[in-house]
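If you're matching positions, the sequence shown starts at 1 in the numbering used here and goes up one per residue. Beta carbons are placed, not taken as given, at the ideal position from N, Cα and C, and that holds for glycine. Here the structure is a predicted model, which means the values were calculated and not measured.
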Amino acid sequence: MKKKLFILLSLILVITTVLAACGSNNNGAENSANNPNNMASDNSGNNSDSTTEEFSFPLKEPVTIKMVACKHPNNGPYEEMEFFKQLEEKTNVKIDWDDIDYSACEEQRNLILGTNDLPDAFYGNLILQDNDVIKYGAEGALIPLEDYITEDIMPNLYKLLEENPTYRSVITAPDGHIYSLPNIRELMLWLSPDMMFLNKVWLDNLGLEVPTTTEELYDVLMAFKTQDPNGNGEPDEIPFSFVYNHIHYNTQGIGSLFGAFGRADWSNHLFVEDGKVVFSAQEPEYKEAIKYFHKFFADGLFDKESLTQDNSQLIGKADRLGGFFAWLPFSVVGAELSDNYVAVPALEGPNGDRVWRKAMWNNMGVNPTAFSVTSVNEHPELTMRWIDLHYHPDTSIEAGWGPIGLTLVEKDGQLVLNDPPEGMTIDEYVFKKAPVEAPYAIQADTYGSRLALTEKDKEKIDTIKENYLPYMTSETLPGILYSPEESEQIKLLSTDINSYVMESSARWMLEGTVEEEWDEYLNNLKNMGLDDLLAVHQQAYDRFLSAQ
């Protein structure tokens, strides 16, 4: 009897335990389904938050994530953008935006980071700088993201980085962590932001051809100055003008023209040659270019105001310009006069050199600091799944050009820009509907296939291919994330060095004294710490290469 009673009690205990376990499992699944932070992908049985419950967008219950962004001057409110409205419908993730006006961005960013009043994430190219990501990542305000970049959690970005390991190197901090996600634009447009143009109407009026050498350029500009090419009987022509300051030097300065002497130049003077970081403004080719172009100033062919003017002052001379550097002619002379100008190819110098600056390392156009997640975020995995949608090819296009069916329409399998509403330009229309400066990836094969090129973009690409691409051997440094110590040393040294170079070269082109002052100039650069500056860049570049 006692034995039967024991068996009965044992059975009751087993049944009770099983029922309790079933109830516990049901509650766990239900809680997981209502907590997106604990949800796994619908194609995954794993999750960084230790759950196996599957889910897919849209979420059953909405989740709000607070983000800070810096608006481009042409953007409207982020919460009103159709791109984000459609993304919310697809995901049921609501974004509480603090979108800061561009003019106040630096001040507000520093205030947010300085007071540690953090959002859940920082969104877009314009809000965080490289130094911010490294500093606040190391301090713990920004969390490491590499464990989320998996095939299960972030399939779009994971695939991109697996196929392009260099991009992983670009976004990897010196301590080995990834604190930010990239904005990637693989487009030939950016290989040469600067292109050279001459007034084709003036050339035709004087019976001249587009020059192919620096000597021919001199002769053309002298004719522009002395032969009244605009036919008004007044010596009011400006043969050639440009902008020499740091802000516009890369698109409207004459740095690439220095390539006619074997080595191009640009604002920070840093290039990579055979794995070595080189400072162009201490090389003999730089001196020879300065010496040669002095005669262009001395003979009134280069506008002397080029050395001090800004972009608006150059534009103000549009109707009198014989030539200039620009992204495309319309950016200087406007749409009405744009067709009057023709591209000038990379010129051959006195010694047969012909080099043009290649502005993108390895054809990459990448901003490594387009999205970061902070330590206060209660849904980091969900946030990463949400941002991974941006890296889907079509969503990337929509983030940069606006929603399909609104700013973009599909024609013959390609996405083309739609006509804007009356009274708006297409750029204004796009910036009102999409963030544009956003985390996404547009790869080279997207253009001309899935995304149709605009006429202006096609014009620029064709011009680059025809006139500059064969001569692009001067390659700038890639985007590199520097350590806080490296960044501080670079800032400390480069500010004075670059100012000294700019002041010296401008004076030499006006006064023609580069030969007499060159040795002293090199000695001053050494005393200012140029060797130390190059060593810091070389150290970071070597680390970048080793991470690939």
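Discussion item. So, with DSSP's three-state summary, where would you put W327?
Written reply: One-based indexing of the sequence shown puts residue 327 at position 327. Taken through DSSP and simplified to helix, strand or coil, W327 comes out as coil.
Discussion item. Does I387 come out as helix, strand or coil in the three-state DSSP assignment?
Written reply: As a position in the sequence shown, residue 387 is number 387, starting the count at 1. Here I387 carries a helix assignment [DSSP, helix/strand/coil].
Discussion item. By the three-class DSSP mapping on this structure, what secondary structure does S546 have?
Written reply: Locating residue 546 in the sequence shown gives position 546, where the first residue counts as 1. Looking at S546 - three-state DSSP - the assignment turns out to be helix.
Worksheet entry | L160, DSSP secondary structure in three states | Numbered from 1 along the sequence shown, position 160 holds the residue referred to as residue 160. When DSSP states are grouped into helix, strand and coil, L160 belongs to the helix group.
Practice prompt. Compute the beta-carbon to beta-carbon distance between W356 and A264, rounded to the nearest angstrom, for a pair I have assumed lies under 8 Å.
Written response: Along the sequence shown, one-based indexing puts residue 356 at 356. Along the sequence shown, one-based indexing puts residue 264 at 264. About 6 Å separates the beta carbons of W356 and A264, which is inside the 8 Å limit, making them a contact pair.
Fill in: Reference P58, options G76, F83, R168 and E89, closest by Cα
Mapped onto the sequence shown, residue 58 falls at position 58. Minimum Cα distance to P58 is reached at E89.
Worksheet item: Is Y179 helix, strand or coil by DSSP?
Response: Looking up residue 179 in the sequence shown gives position 179. Looking at Y179 - three-state DSSP - the assignment turns out to be coil, as it is neither helix nor strand.
Item to complete: Please confirm if the stretch 155-167 is in contact with the stretch 190-202, defined as three or more CB-CB distances below 8 Å between the two stretches.
Response: Contact between the stretch 155-167 and the stretch 190-202 is absent, because fewer than three Cβ pairs lie under 8 Å.
Worksheet item: Residues in its own chain within less than 7 Å of L545 by CB, not counting five upstream and five downstream?
Response: As a first step, residue 545 is located in the sequence shown; it is residue number 545 there, counting from the start. Closer than 7 Å at Cβ, skipping near neighbours: no residue.
Worksheet item: Distance, Cα to Cα, I554 vs L481?
Response: No answer is possible for residue 554: the residues shown for the chain start at 1 and end at 548.
Worksheet item: N268: buried (16+ other C-beta within 10 angstroms of its C-beta) or exposed?
Response: The sequence position of residue 268 within the sequence shown is 268, counting from 1. Using a 10 angstroms sphere on the CB of N268, the tally of other CB atoms reaches 16 or more, which defines it as buried.
Discussion item. I'd like the ranges of any beta strand (DSSP E) spanning at least 3 consecutive residues and lying wholly in the stretch 293-378.
Written reply: With a minimum length of 3 residues, the continuous beta strand (DSSP E) runs that stay inside the stretch 293-378 are 323-326, 341-344, 356-358 and 366-373.
Worksheet item: Which residues mark the beginning and the end of the alpha helix (DSSP H) in which L111 is found?
Response: By 1-based counting over the sequence shown, the position of residue 111 is 111. C105 to T115 is the span of the alpha helix (DSSP H), which, as asked, contains L111.
Fill in: Length of the line joining the Cα atoms of S449 and Q414
Position 449 of the sequence shown, counting from 1, holds the residue named residue 449. Position 414 of the sequence shown, counting from 1, holds the residue named residue 414. Going from the Cα of S449 to the Cα of Q414 covers about 6 Å.
Worksheet item: When you compare only the Cα positions, how much space is there between V243 and K276?
Response: Here residue 243 is taken as the residue at index 243 of the sequence shown, counted from 1. Here residue 276 is taken as the residue at index 276 of the sequence shown, counted from 1. Distance between the alpha carbons of V243 and K276: 29 Å.
Worksheet item: Is it right to say S487 is buried, meaning 16 or more other beta carbons lie within 10 angstroms of its own, or is it exposed?
Response: Numbered from its first residue, the sequence shown carries residue 487 at position 487. With 16 or more other CB atoms across the displayed protein chains lying within 10 angstroms of its CB, S487 is buried.
Item to complete: With a 10 Å radius around its C-beta and 16 neighbouring C-beta atoms as the bar for buried, classify A452 as buried or exposed.
Response: The residue you call residue 452 lines up with position 452 of the sequence shown. Sixteen is the threshold: when 16 or more other Cβ atoms of the shown chains lie within 10 Å of the Cβ of A452, as they do, the residue is buried.
Worksheet item: Terminal residues of the continuous alpha helix (DSSP H) containing I490?
Response: Position 490 of the sequence shown, counting from 1, holds the residue named residue 490. Start and end: P484 to E511.
Practice prompt. Would you check if there are 3 or more beta carbon pairs closer than 8 Å linking the stretch 505-516 to the stretch 280-295?
Written response: Touching, per the Cβ criterion.
Practice prompt. Measure the Cβ-Cβ separation of F302 and S474 and say whether it is below 8 Å.
Written response: As a position in the sequence shown, residue 302 is number 302, starting the count at 1. As a position in the sequence shown, residue 474 is number 474, starting the count at 1. Taking 8 Å as the Cβ cut-off, F302 and S474 do not qualify as a contacting pair.
Worksheet entry | Pairwise C-alpha distance: P484 and Y541 | Along the sequence shown, read from residue 1 onward, the residue named residue 541 stands at position 541. Along the sequence shown, read from residue 1 onward, the residue named residue 484 stands at position 484. Pairing Y541 with P484, the inter-Cα distance amounts to about 15 Å.
Worksheet entry | Rounded distance between the beta-carbons of I178 and I149, thought under 8 Å | Start at 1 with the first residue of the sequence shown, and residue 149 comes out as number 149. Start at 1 with the first residue of the sequence shown, and residue 178 comes out as number 178. Between I149 and I178 a beta carbon distance of about 7 Å is seen, short of the 8 Å cut, so the two are scored as contacting.
Fill in: Per-residue DSSP class, three states only, for N75
Locating residue 75 in the sequence shown gives position 75, counting from the first residue. Three-state DSSP puts N75 in coil, outside helix and strand.
Worksheet item: For T52, does the three-state DSSP call read helix, strand or coil?
Response: If you number the sequence shown from 1, residue 52 lands on position 52. Confidence in T52 is poor, its pLDDT being 33 and thus under 50, which makes the residue's placement unreliable; the coordinate value appears in the next sentence. The three-state secondary structure of T52, taken from DSSP, is coil.
Item to complete: Please state if the CB of M502 and the CB of L145 are separated by a distance shorter than 8 Å.
Response: Counted from its first residue, the sequence shown places residue 145 at position 145. Counted from its first residue, the sequence shown places residue 502 at position 502. L145 places its beta carbon 8 Å or farther from that of M502.
Discussion item. I'd like to confirm the pairing. Which residues does DSSP put opposite E461 in its beta bridges?
Written reply: Taking the first residue of the sequence shown as position 1, residue 461 is located at position 461. According to the sequence shown, residue 461 is Ile rather than Glu. Beta-bridge partners assigned by DSSP to I461: none are found.
Practice prompt. Using the DSSP secondary-structure output, state which residues sit across from N199 in a beta bridge.
Written response: Counting from one through the sequence shown, the residue named residue 199 turns up at place 199. Beta-bridge pairing links N199 to Y341.
Discussion item. By the DSSP assignment, the alpha helix (DSSP H) with A399 in it spans what residues?
Written reply: As a first step, residue 399 is located in the sequence shown; it is residue number 399 there, counting from the start. Annotation: the continuous alpha helix (DSSP H) that includes A399 extends over P393 to W401.
Worksheet item: Do you know offhand how far N131's Cα is from A141's?
Response: As a working mapping, residue 131 is identified with position 131 in the sequence shown. As a working mapping, residue 141 is identified with position 141 in the sequence shown. Rounded to the nearest whole angstrom, the CA to CA distance from N131 to A141 is 13 Å.
Worksheet item: How would you label F125, buried or exposed, when you count the other beta carbons within 10 angstroms and need 16 or more for buried?
Response: Within the sequence shown, the letter at position 125 stands for residue 125. Sequence inspection shows Asn at residue 125; the Phe mentioned does not correspond to that position. By the 10 Å Cβ count, N125 comes out buried.
Discussion item. On the DSSP letters alone, give me the boundaries of the alpha helix (DSSP H) that V133 sits inside.
Written reply: The residue you call residue 133 lines up with position 133 of the sequence shown. First-last of the alpha helix (DSSP H) with V133: D130 to A138.
Worksheet item: How many angstroms separate the CA atom of L118 from the CA atom of E107?
Response: Working through the sequence shown from its first residue, we reach residue 118 at position 118. Working through the sequence shown from its first residue, we reach residue 107 at position 107. In this model, L118 and E107 are separated by some 15 Å (Cα to Cα).
Item to complete: Rounded to whole angstroms, what's the CA-CA distance from V342 to D228? Just pull it up for me.
Response: Within the sequence shown, residue 342 is the residue found at index 342, counting from 1. Within the sequence shown, residue 228 is the residue found at index 228, counting from 1. If you draw a straight line from the Cα of V342 to the Cα of D228, it comes to about 19 Å.
Discussion item. On a Cα-Cα basis, can you pick out the residue from L492, W386, F325 and E209 that is closest to T64?
Written reply: Taking the sequence shown and counting its residues from 1, the one referred to as residue 64 is at position 64. That would be W386, whose Cα lies nearest to the Cα of T64.
Discussion item. If contact is defined by three or more beta carbon pairs under 8 Å, each pair taking one atom from either stretch, is the stretch 200-218 in contact with the stretch 333-352?
Written reply: The stretch 333-352 is in contact with the stretch 200-218.
Practice prompt. Would you kindly report the start and end of the unbroken alpha helix (DSSP H) that includes Y468?
Written response: Working through the sequence shown from its first residue, we reach residue 468 at position 468. Unbroken run through Y468: none, as it is neither H nor E.
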